[in-house]
Amino acid sequence: MRRLLLVAVVCLVLAGCGEPVTGGFLNPRQPVCRYQGRQATTMVVLMAQAVPTASQLPCVALLPAGWSVSDIFVRNGRARFSLDSDRVGNRAVQVVLERFCTLGNVTRVPSDHPGTRRYQEVISIEPGKRYRGAVYYLFPGGCVTYRLDFRSDEQARPLSEVSLALGFISRDEVRQTVSDYTHGRLQLDPPSAATP
Amino acid sequence: MEPTLRRPPPGGGEPAVTGRLQRVSRAGRRRRPSGEAPPLPRTLNRSGQLWLGAAGAVLVLWAAIIMNQRTAQLVLVNDNRVVEWAAGLRTELLTDLMQSVHALGSRWILRVLFWSTVVVLVVLRRFRHLFVFLGSTLAVTALTGFFAYLFVWPRPLGVEILGDWSGYAHPSRLVAALTATLMGMLYSLAPTGRLRRVGKPVIAGLVTALSVSLVYLATNSPSDVVIAAVIGVTIPLVAFRMITPNEVFPVTWHRGSSAHLDVGGRRGQAIHQALEDQLGVQVAEIKPFGLSGSAGSTPLRVKVKGEPPSWLFAKLYAGSHLRSDRWYKLGRTLLYGRLEDEKPFNTVRRLVQQEDYALRLMHGAGVRSPEPFGIVEITPEREYLVVTEFFTDAKEIGDLEEVDDVIIDDGLRIIRRLWDAGLAHRDIKPANLLVRVGRVHLIDVFFAEVRPSPWRQAVDLANMMLVLATRSSPERVYARARMHFNDDEIAEAFAATSGITMPSQLRKTMRDQGRDLHTEFLALLPEWYSPVAIQRWSLRRVGLMIGVVLLALLALAAALNSFSSAGLL
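In the order they appear, the protein sequences are chains P and S. Residue numbers for the first sequence follow my numbering, beginning at 87 and rising by one. Residue numbers for the second sequence follow my numbering, beginning at 13 and rising by one.
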């Protein structure tokens, strides 16, 4: 029985329930905009590799109290992460980076991030219960979508918290970080890749 | 009956062991000197040790990467040099070829390989191999997933990535999953010999092809694929060699029984040698015997050389039997609570010591049971034989057409003797009652308990009466039983016994006969006792039930998560 318990614990830890103490390359494991004085983390580097044309990359600038990052998934062509909130629900915001976006019934609004165009869409409103919408940021070589799903009677405050939490980092900054970290021996993009 | 310190006289004043027709010749025992390997040693082989060494080197490298950033940078830079060099070789034709090879690591190919192996192993009832296959694949996927999460390494930098990818790069989960699946298939499905010999280079070729394609397409670096391959080979290889060594659990293409061990080949030779060295008997032949009546061990009949040849009975116990005993006791505790002593054995050695002790106790108490010949070590702490005399010309009571009053009395006297000696057999069923020269002999005393609960003793009596009645009639058995037990004792016995307290073989026999002997006996009793409840509720049982359910759910979730992220689900 003791051996069984040990095996179960080891399996759980190995399956990802445990929190490792350190890593090898520009940790942590979240797509934060700045970490230990450097721009970007490995996760942002990986996102840059997923959409090699993207001139801007979404990242977490400052998480307000009650918000956390979850559901990070990166593959070639697409990167995604979510923000959970203890007030407006899990996966209240899903951030998706892709080469192209399909815009719905959108309205262009002034962008809060330089170098991007911002569009907004209201998908549905259940008064006092739920708000669903989307924010699109278009920039050279890519598009970032914030899919909003607030299960709350509040809209304004979580929206401003999301604006505070999420930011962008330019590809050039990520390039510089990779180059600095490897003392110029490695570059983010192939030499032939032109800046979009 | 008055208590006595003397050994009670066997039934009817006759010797406890009657009609022994032959004596087993024992001479030439040999003590294994220090340093000499046991009869059936377990070894990893040279290749296993080499792979373990390689896995150790991987661990050292990982530790260096985690503790020293310069090492991490060095690995990244050197990896990228190779990837850049490979990218320099790119041509349209070669890229198309590598894209096709890359499909080897596709989720669908992995799923087909993995699930077809699972299905084949289930159909062949090779559950031991199945569990090792599932366990080793889970270990590989969980370990590579954990380290990928720990390292958070990017894909090769500075090179155009041509292949599909997802998640972190190091180690390559694709290569690890494919290697582990193929290794598991080889060691669980391919019998030793040509097929396995050919299989190894084929696997090496497939894994190398996938690895080269991943590096060429720049989805992974060389260290990602090499380390993944080392993990993918080492864990299944060590698991299969340690848990299902081929000498002991040979891979065959016929349906096998999970409880019984193979006693041919290398293991058969080891048993042969161990019996000669440790018991001093000259073995002529070893054969499985009465497998259907025994689920907790592998029973064997040993032919001993001599003029005339004689026979011994042996039960082979291994780690699998120890685990079965543990699960059985855990199951009983969950289903009924702590009805009896449910403490599991810690080692195979203690398990066989219990059986040998029980044999000697029964024999000493004058119960007609096999004379113990001792314990024989096959693999230290892993496999042992419990050897006893073999009842030649004996028949299972269930194989007799009918039993007469002498046999009925004999069976009932066994229970009386057990009661007087403060013992319970706990597994009275037709397969454990042999009749030889008109006498009943009690075998398979593994479950015997000293100073059992009165309930358990009563169950032994009821089960003995039910067995005897299957070959006579309840009226006849009841009439004879009243000569050995009073009405209260018999009524208590049938109050203590219900469906689940009867061994399954006994229940099946009654079902086949279309008789409800329990009810027929109850109808004969002058007075009924209220049925004895066998459910024992305690905080411990409730806690254990909740714990087991939670653990099972967590383990299932962890396994599903790991398999799913490795593309196997």
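All C-beta atoms, glycine included, are put in the ideal place defined by N, C-alpha and C.
Taking a cut-off of 8 Å on C-beta distances, the stretch 140-148 of chain P touches the stretch 116-129 of chain P, as three or more cross pairs fall below it.
Residues of chain P whose Cβ lies closer than 8 Å to the Cβ of G170 of chain S are, in chain order, L272, Q273, L274, D275, P276, P277.
DSSP places W431 of chain S inside the alpha helix (DSSP H), whose first and last residues are 417-432.
Straight across, the Cα-Cα distance linking E389 of chain S with A286 of chain S is about 7 Å.
Sequence-ordered contacts of the stretch 421-451 of chain S with chain P are nonexistent [C-beta pairs closer than 9 Å]. The shortest C-alpha to C-alpha distance from Y369 of chain S to any of S:R394, S:S148, S:L351, S:T400 is the one to S:T400.
In the structure shown, R361 of chain S falls within a helical segment according to DSSP collapsed to helix, strand and coil. Annotation for Y490 of chain S: the continuous alpha helix (DSSP H) segment containing it runs 486-493. Within chain S, no residue has its beta carbon less than 7 Å from that of V248 of chain P; the closest one is some 25 Å off. At a cut-off of 9 Å between beta carbons, R124 of chain P makes no contact with chain S. Taking a cut-off of 8 Å on C-beta distances, the stretch 174-184 of chain S touches the stretch 161-176 of chain P, as three or more cross pairs fall below it. Under the Cβ criterion of 9 Å, W177 of chain S is counted among the residues facing chain P. Within chain S, not a single residue places a beta-carbon under 7 Å from that of Q241 of chain P; the smallest gap is close to 34 Å.
Residues are counted here when their Cβ sits less than 8 Å from a Cβ of chain P; for the stretch 141-165 of chain S these are L150, A151, A154, L155, G157, F158, Y161, L162, F163, V164, W165, given in chain order. For F458 of chain S, no alpha helix (DSSP H) segment is defined, and its DSSP state is neither H nor E.
Residue contact check for I558 of chain S against chain P: no CB pair falls below 9 Å. Within the DSSP secondary-structure output, S210 of chain P pairs in a beta bridge with P:R218.
Using a Cβ distance threshold of 9 Å, S200 of chain S and A240 of chain S do not count as a contacting pair. By the criterion of at least three beta-carbon pairs nearer than 8 Å, the stretch 183-192 of chain P is not in contact with the stretch 249-264 of chain P. Of all C-beta pairs linking the stretch 113-126 of chain S to the stretch 534-543 of chain S, fewer than three are shorter than 8 Å, placing the two stretches out of contact. By the rule that beta-carbons nearer than 9 Å mark a contact, V360 of chain S does not touch chain P. From the listed residues S:I419, S:I426, S:R553, the smallest Cα separation to R488 of chain S is found for S:I419. Identification of residues in the stretch 157-175 of chain P having a C-beta nearer than 7 Å to some C-beta of chain S yields V160, R161, N162, given in sequence order. Any Cβ of chain S closer than 9 Å to the Cβ of H269 of chain P would place that residue at the interface, and such an atom is present. A straight-line Cα-Cα distance of about 40 Å links R548 of chain S and F252 of chain S. Inclusion of G196 of chain S and V219 of chain S in the CB contact set at 9 Å is not warranted, their separation being larger than that value.
At a cut-off of 9 Å, the C-beta of Q517 of chain S has no neighbouring C-beta in chain P. Within chain S, the residues whose beta carbon sits less than 8 Å from that of R115 of chain P are Y161, V164, listed in sequence order. For the pair G40 of chain S and G292 of chain S, the CB atoms are nearer than the 9 Å cut-off. Interface criterion not met: the Cβ of T139 of chain P is under 9 Å from no Cβ in chain S. Approximately 6 Å separates the beta-carbon atoms of L445 of chain S and V479 of chain S; this is inside 8 Å, confirming the contact. The secondary-structure analysis by DSSP pairs Y121 of chain P across a beta bridge with P:R124. Boundaries of the beta strand (DSSP E) around A326 of chain S: 322-329. For V146 of chain P, the closest Cβ of chain S is not nearer than 9 Å. Close to chain P, meaning a Cβ-Cβ distance shorter than 7 Å, are the following residues of the stretch 89-113 of chain S: V89, N92. Annotation for F167 of chain P: no alpha helix (DSSP H) segment contains it, though the beta strand (DSSP E) segment containing it runs 164-171.
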